[in-house]
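Here the protein sequences line up with chains A and B, keeping their order. For the first sequence, this note's numbering assigns the number 2 to the initial residue and increments by one for each residue that follows. For the second sequence, this note's numbering assigns the number 1424 to the initial residue and increments by one for each residue that follows. Note sheet for the following structure.
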Amino acid sequence: MAEDHHIIPVWFFVGVILFLYGLLILGSGIYQVSHPPATVLAHLRPALWWGGLLAIIGVIYIYLFRPRKS
Amino acid sequence: MNSLMLPLGLLLFVSPDPSDTSRKIISLNPVDYAIVAIYFVMVLGIGFYLKRYTKSGEGFFLAGREMTAWVAGLSFISANLGALELMGWAAATYQYGILAAHWYWIGAIPAILFLGLVMMPFYYISKTHSVPGYLKLRYGESARGLAAVMFALMTLFMAGIDMYAMALVMKVVLGWDINFSIWVSAMTVAVYVALGGLFSAIFNEVLQFFLIWLGALLIPILGLIETGGWSGLVARIHQNFPQGDFTHLWGPMSSFADNPMGIHWTGIVFGLGWVISFGYWTTDFLVVQRVIAAKDIRAAKMAPIIGSYFKMAVPFIVILPGLLALAVLPFHLVPESAVGPGQHSYNEVLPLMLARYCGPGLLGLGITALIAGFMSGMAGNVSAFATVWTYDVYRPFIRKIASDAHYVKMGRWCIIIGVLISIGTAYLVMEFKSIMDYVQALFSFFIAPLFGTVLLGMLWKRVTPAAGFWGLLAGTVSSITMWAIVKADHNMLAYIALSPNAKDMAENMYRALWSWLICVIVTVAVTAFTKPKPVGELTGLVYGCTELPSEGHLPLWKRPIFWAVISATLFVILQMIFW
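Written out as C-alpha cells, the structure is:
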C-alpha cells in the first residue's frame, strides 16, 4: 500500500512497537525470575517468553518492512 | 476520587466509592506506564507523520483508495474491536455464557462474507465515498440526507459508548478519574485522526489489531493451563454454577425460558443473524469505509473475507476470558447496579482476569490492549462521522461549491467537534444499566431499516427513489416507536418479542426484525405506485444493470469465493462443536 507515495509501511510501525514492548517485557521477565509477581501461574514465567516472542516478531517486521530508497 | 493524586506505582482496582477499601489492589510497575506511554507516543507520531499525505479529500477521507486487502481487512476488524468487543462481551459472557459468541459467529460471519462477495462490487464500482453516498446515487438526495443524519447520530452515540467504557477501565484498573480518562482518550483520538484522516485511523487500527491480540492472548492461554483445558473449564463452571448451561450455543435456545438471555433461536437467527448482523456489517459506514479504501475491486472483496477469519477467532480473547472467570474467580460478579462493598461488576471481568495472570510488563501490555481497543473503535467512529458529515450533509445541503482543500479543512474540524459531541454522549451512556442492551437498541433503530433499503436497492432495479426514502423512514420510525412503547409499558415486550418470557436482549432482536420487515413492505408498496429510474441510470449500482469483473482467469486460491467457502465451512464446524 501507499508505495506510490513512499509512505513507510504500517508493518514497519508494528515491528517497532512490538520490538520496544518485547524488550521492556523481556527485561521485566528477567527481573521476575528473582522477584516473582503475586499472580496465578507466575512460576511459568510468562513475561519472559512472551516478551521474547514480541521482540522476535518485532525484529522480523522491522527487517522485512524497513524503509528503503526506491 | 481523583486518583491522579496517587503516586505512580500505586495500585489498581480503585472503587468508585473511596470508602470502599475492600477491592483487590495491584501495584503498577513503571514498566507498565512506559508501555502505555509508548503507545500514546506512537499513535500520535503516526498521525503527525501521515498529515503530509492527507492534503486532498481522497487522501483524507478515503486514504487515497490504496489499501491492500490485508491492511483493509485488519482495519475492518480492528475498527469493530472497540469497547463492546473487549469489555462488553467479556461481561456478557459472564452473564449469559457462550451464548455471547453468537454475536461473533452467526451475528457476523455470514454477513461479512455476503458483504465481500455480493455487496462490495457495487460499493466499489459505483465509486461512492460512503454508504449514504450510495443511497444518493441509487435513490436521490432525500434518502441520502435521511441516512446521513441517522448515521451521524448513531456514530456519535457509539463514540460516546467507547469513551464511557474506556473511562470505566481507567477507573477500575488505573484508578483514574472518569472525567479525566474521557478527555485524555478523546483528545488523543481527535489529534491523530484530525491530522492524518482515514490514513491515520487505518494505520493505527492495524497497529491496534496487533496490540489487542498480543495483549489479550495471554489470558485464555494461561487460563486454559490453569483449568486443565476446555474439559476442565466446563467442569469448574458446572461446579461453580450448577443451575445454568453456560457452554452450549444452540442447545438452550429451544425456548425463551431455557437460557439466561431469555431469547428463542428464531430471534438469534432472524433478528441477530439476518437483520442486525447484515445491517451492521454491510451498511454501517464505520466498517464499510475501511473496505471502500481498498486499492482495487479484488482487494475490496478479499478484505472482509480476510477479516472474517479474525472475527471468528475473536471469541478466543473475549468470550473465553468470560468463561474462565466463571470457572476460576473465587467470588461471583454482580450487575453494575448491584455492586456493594467488596464486590465487582460484570463489566470488570476482563481487567480482573488480566490482573489474575499478568505481572509487571504484561499488565501494561494488557492495559494497552484495552486502551487500543477503545481508541480504535472511537477513531473509527469519528473518521466515518467526518466523511459522512462533510460529503453527505455539509457539501450537498450547506455549501455545495467549495475547493477540495476547504472540504478537507471541514473534515478536520468535524473530527474535533464530533469528538466533543461524543464526550457529551459518554455522560448520557452512564445513565443506562447495560452498555450492551443500549447499543443493541441503537442498532435496531437505524441499521435494520437501512439494510432493507440498501439491499433492495442493490438487488432490485424496479425499486423507486420515493420508495427508498419512505421505506427507510417508515422502518426507522417504527423501530423507535416500538422501543418507546416498551419503555412506557414493559408488558408490551411480550407482544414484540412474541413471548412473556422474553428479556431485553430478545426485544432488540425482534424489534430489528419487525422494523426491517416494515421497511421492506413499505418500500415494495410504494414502488408499485411510483416511477422507477431509467435502467441507464442504474449502471454500477444494481445487480443486473452492472457488468461485474470476471475472476475466471485467476487461480483458484486467489479467488475471493475460494476463501469465503473455507471461512463458511469453519463457521459451520464451530457451530457443531459448541452446539
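Glycine included, C-beta positions come from ideal geometry on N, C-alpha and C.
Counted as a single uninterrupted DSSP element, the alpha helix (DSSP H) harbouring A/S35 occupies residues V11 to S35. At the C-beta level, B/Y1850 and A/T40 stay beyond 8 Å of one another.
Proximity of chain A to B/Y1732 at the Cβ level (cut-off 9 Å) is not reached, the minimal Cβ distance being about 18 Å. Against chain B, the CB of A/W50 has no partner CB under 8 Å away; the residue lies outside that interface. A/V60 does not reach chain B, its nearest Cβ partner there being about 14 Å away, counting only Cβ pairs nearer than 7 Å.
The criterion of a C-beta distance shorter than 8 Å is satisfied by B/R1713 and B/A1495. Residues of the region 10-23 of chain A that bring their beta carbon within less than 7 Å of a beta carbon in chain B comprise V11, F14, V15, I18, L19, L21 and Y22, in sequence order. For B/Y1966, same chain residues with a beta-carbon under 7 Å away, outside a window of 5 residues either side, are M1881 and L1882 in chain order. Contact note: A/P47 reaches chain B through L1641, I1644, L1645, Y1780, C1781, G1782 and L1785, using a C-beta cutoff of 9 Å and chain order. Flagged as an interface residue toward chain B: A/S29, by a C-beta distance shorter than 8 Å. Assignment of alpha helix (DSSP H) within the region 1555-1616 of chain B, counting only whole runs of 4 or more residues, yields 1564-1592 in chain order. Ranking A/L42, A/V17 and A/S35 by CA distance to the CA of A/I57 puts A/V17 first.
Listed along chain A, the residues sitting closer than 9 Å to B/I1461 by beta-carbon distance are I18, L21, Y22 and L25. Under the Cβ distance rule, A/I63 does not count among the residues neighbouring chain B, no pair being separated by less than 8 Å.
Separation of B/F1952 and B/G1470 (C-alpha to C-alpha, rounded to the nearest whole angstrom) is 51 Å. Contact annotation: in the region 1476-1492 of chain B, residues whose CB is within less than 8 Å of a CB in chain A are Y1476, G1487, E1489, M1490 and T1491. Rounded to the nearest angstrom, the Cβ distance from B/L1569 to B/L1896 is 6 Å, consistent with a contact under 8 Å. Listed in chain order, the positions of the region 1823-1836 of chain B with a beta carbon within less than 9 Å of a beta carbon of chain A would be empty, since no residue qualifies. The beta carbons of B/M1589 and B/F1869 sit no closer together than 8 Å.
Assigned with DSSP and collapsed to three states, B/V1762 falls in coil, not helix or strand. Taking 8 Å as the cut-off, the beta carbon of B/K1926 is found closer than this to the beta carbon of B/G1685. Rounded to the nearest whole angstrom, the CA to CA distance from B/V1909 to B/I1919 is 8 Å. In this structure, B/Y1519 keeps its C-beta atom at 8 Å or more from the C-beta atom of B/P1738. Counting only Cβ-Cβ distances below 8 Å, A/A43 has contacts in chain B at G1782, in chain order. Neighbours of A/P38 in chain B, taken as residues at a C-beta separation under 8 Å, are given in chain order as G1782 and P1783. Contact note: A/I57 does not reach chain B at a C-beta cutoff of 9 Å; the least C-beta distance is about 12 Å. B/E1649 reaches chain A at V41 and L42, counting residues in chain order whose Cβ is nearer than 9 Å. Proximity of B/A1457 to chain A, defined by a Cβ-Cβ separation below 8 Å, is satisfied. A distance below 6 Å between beta-carbons, with the five flanking residues on each side excluded, links B/Q1631 to the following residues of its chain, in chain order: S1501, A1795 and S1799. The distance from the Cβ of A/F14 to that of B/M1465 is about 7 Å, consistent with a contact at the 8 Å cut-off. Between B/K1594 and B/I1584, the CB-CB gap reaches or exceeds 8 Å. Secondary structure in the region 1635-1692 of chain B: the alpha helix (DSSP H) runs of 4 residues or longer, each lying completely within the stretch, are 1641-1650 and 1652-1663 in chain order. The Cβ atoms of B/L1747 and B/M1776 sit closer than 8 Å to each other. With contacts defined by Cβ atoms closer than 8 Å, A/I26 and A/W51 form a contacting pair.
Judged by beta-carbon spacing, B/M1542 lies beyond the 8 Å limit of B/A1717, meaning their Cβ atoms are not closer than that value. Here DSSP, grouped into helix, strand and coil, assigns B/A1920 to coil.
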